[in-house]
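Note sheet for the following structure.
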Amino acid sequence: MSAPAFRTVQADSAEVAALKGKSNLASVSLGSKIISFSDEFFAEASNLLKDEEAVFLPEEFTDRGKWMDGWETRRHNKNYDWTIIQLGYAGSIFGLDIDTSHFTGNHAP
819 MSAPAFRTVQ ADSAEVAALK GKSNLASVSL GSKIISFSDE FFAEASNLLK DEEAVFLPEE
879 FTDRGKWMDG WETRRHNKNY DWTIIQLGYA GSIFGLDIDT SHFTGNHAP
């Protein structure tokens, strides 16, 4: 199976502005939850469901390495890393925002 196509959209684009007015169906406050994942060695997949903006704490470390406010795997899966999210409510998906804030050097292209 090949990786799905994607494209980068600038943060100040009309497409991103259109997403701002939509509900986040993957929000933990709506009851969304992680059902399964391939790996969460460095940071838990449940961080994907947070409503708050990601934070960066440069001096914070855990027993697994640098503390990150996001989902971070070991990045050694032969195919790709994945997670299954159960949405809190049914709805139509208008777009997907993949925020790689503070993941510099090992973030998605």
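According to my numbering, the sequence shown is numbered sequentially starting from 819.
Note that the Cβ used here is the ideal one computed from N, Cα and C, for glycine as well.
Per the Cβ contact rule, the region 854-874 is in contact with the region 882-894 (3 or more Cβ pairs under 8 Å).
In the DSSP annotation of this structure, the continuous segment of the beta strand (DSSP E) that includes Lys851 starts and ends at 851-855.
With fewer than 16 other CB atoms across the displayed protein chains lying within 10 angstroms of its CB, Ser847 is exposed. The beta carbon of Trp900 lies closer than 8 Å to those of Phe855, Ser856 in the same chain, with the five residues before and after it left out. In summary, Leu914 is exposed, with fewer than 16 beta-carbon neighbours lying within 10 Å of its beta-carbon over all protein chains present. Within a 10 Å sphere around the beta-carbon of Thr826 sit fewer than 16 other beta-carbons, which makes this residue exposed.
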